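Here the numbering used here runs 595 ahead of the position in the sequence shown, where the first position is 1.
Backbone N, C-alpha and C define an ideal beta-carbon position, used for all residues, glycine too.
As the structure is a computational prediction, the values presented were derived from the model and not from experiment.
Structure record follows, encoded as structure tokens.
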Amino acid sequence: MQTFSALGGGKLRRMRRMFAADGRAVFVAIDHAAYMGEGPPLGEPMNQIAAGKPDAVLATWHLARAYSDTFASAGLVLRVDGGSSELGDMPQSDVNDIMHLPEQALRIGADCLVVLAFPGAPDEDLSLKRLARLTSECEQLGLPVMAEMIPGGWGRAVPWTTQNVARAARIGAELGADVIKTVCPGPTEEFAEVVAACPVPVVALGGPKAESEDEVVALAKGVVEAGGAGVAFGRNVWGSAQPEKLVARLRDAVHGS
Numbered sequence: 596m597q598t599f600s601a602l603g604g605g606k607l608r609r610m611r612r613m614f615a616a617d618g619r620a621v622f623v624a625i626d627h628a629a630y631m632g633e634g635p636p637l638g639e640p641m642n643q644i645a646a647g648k649p650d651a652v653l654a655t656w657h658l659a660r661a662y663s664d665t666f667a668s669a670g671l672v673l674r675v676d677g678g679s680s681e682l683g684d685m686p687q688s689d690v691n692d693i694m695h696l697p698e699q700a701l702r703i704g705a706d707c708l709v710v711l712a713f714p715g716a717p718d719e720d721l722s723l724k725r726l727a728r729l730t731s732e733c734e735q736l737g738l739p740v741m742a743e744m745i746p747g748g749w750g751r752a753v754p755w756t757t758q759n760v761a762r763a764a765r766i767g768a769e770l771g772a773d774v775i776k777t778v779c780p781g782p783t784e785e786f787a788e789v790v791a792a793c794p795v796p797v798v799a800l801g802g803p804k805a806e807s808e809d810e811v812v813a814l815a816k817g818v819v820e821a822g823g824a825g826v827a828f829g830r831n832v833w834g835s836a837q838p839e840k841l842v843a844r845l846r847d848a849v850h851g852s
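The structure is reproduced here in structure tokens:
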């Protein structure tokens with residue numbers, strides 16, 4: 596029996612706004628300033644990033660509205676969690692919360708929401724419950740959720756082994772996430788284990804600024820060859836002297852020439 600679901604159709608269309616026909620995507624993360632207070636440069640660099648034609652961007656509320664025309668051709672993944680900054684001492688526990696509600700995100704044109712979760716951290720229940728509540732609500736709206744799964748948190752309460760990253764990815768999917776963003780735990784060949792463990796698309800984050808852009812492109816190529824659905828790179832893109840050219844190179848690495 597064939598069934599029809601308006602919500603399911605809405606989610607499918609929004610996923611297609613981010614992922615190309617090959618099921619892969621180049622995400623550019625420009626959401627850092629919400630907690631760093633600095634990072635992605637404003638103005639012309641944003642135009643250069645957009646000119647490289649990323650499949651989607653991870654953006655803050657401000658960037659989503661201020662650069663709506665600039666990134667009109669890219670999918671919009673809205674960062675909705677936060678509540679802490681790097682201006683003072685690093686919090687010793689999870690103090691974050693959901694800052695923008697799904698209905699508000701839809702009004703600003705979001706195709707997807709992104710939140711962090713820290714399985715294995717001492718207070719893992721806070722971020723995991725936050726993720727589950729969000730996915731439950733978004734499911735009723737046909738709105739995809741990207742879970743940024745960091746095993747043990749940024750303090751690495753558990754090591755970032757391939758097994759732990761794979762388990763974290765699976766947990767995110769089981770709690771309802773439609774896309775997983777996570778670390779590449781070692782050689783890109785090992786990312787295949789993470790992908791195999793997870794029933795939804797997995798993209799690799801970029802992490803700190805790399806020594807060379809060739810290294811950044813090689814990471815993207817290796818992740819895709821291991822079965823990953825693409826990459827979500829931030830400072831390696833907006834920190835580039837020529838972000839348009841780097842995004843184009845990443846597109847070639849992820850989608851093929």
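Could you give the distance in angstroms between the alpha-carbon of residue 785 and the alpha-carbon of residue 779? 8 Å
In the DSSP assignment, the beta strand (DSSP E) including residue 733 goes from what residue to what residue? Counting along the chain, residue 733 falls outside any beta strand (DSSP E), though it belongs to the alpha helix (DSSP H) covering 719 to 734.
Quick check for students: name the residue ranges of the alpha helix (DSSP H) that lie wholly in the region 607 to 633, counting only runs of 4 or more. 628 to 631
Within 10 angstroms of its Cβ, does residue 722 collect 16 or more other Cβ (buried), or is it exposed? buried
Going by other Cβ atoms of all chains shown within 10 Å of its Cβ, with 16 needed for buried, is residue 777 buried or exposed? buried
Rounded to whole angstroms, how far is the Cβ of residue 741 from the Cβ of residue 672, which I believe are closer than 8 Å? 6 Å
Below 8 Å, how does it come out for the region 624 to 636 and the region 804 to 820: are there three or more Cβ pairs, yes or no? no
Check whether the region 833 to 843 touches the region 633 to 651, counting contact only when three or more Cβ pairs, one atom from each stretch, lie closer than 8 Å. yes
Note down, in chain order, each residue of its chain lying with its Cβ closer than 8 Å to the Cβ of residue 668, except the 5 sequence neighbours on either side. 645 and 648
Which value, in whole angstroms, describes the spacing of the CA atoms of residue 765 and residue 683? 33 Å
Own chain, CB closer than 7 Å to residue 752, minus 5 neighbours either side, in chain order: 715, 716 and 717
So for residue 709, helix, strand or coil by DSSP? strand
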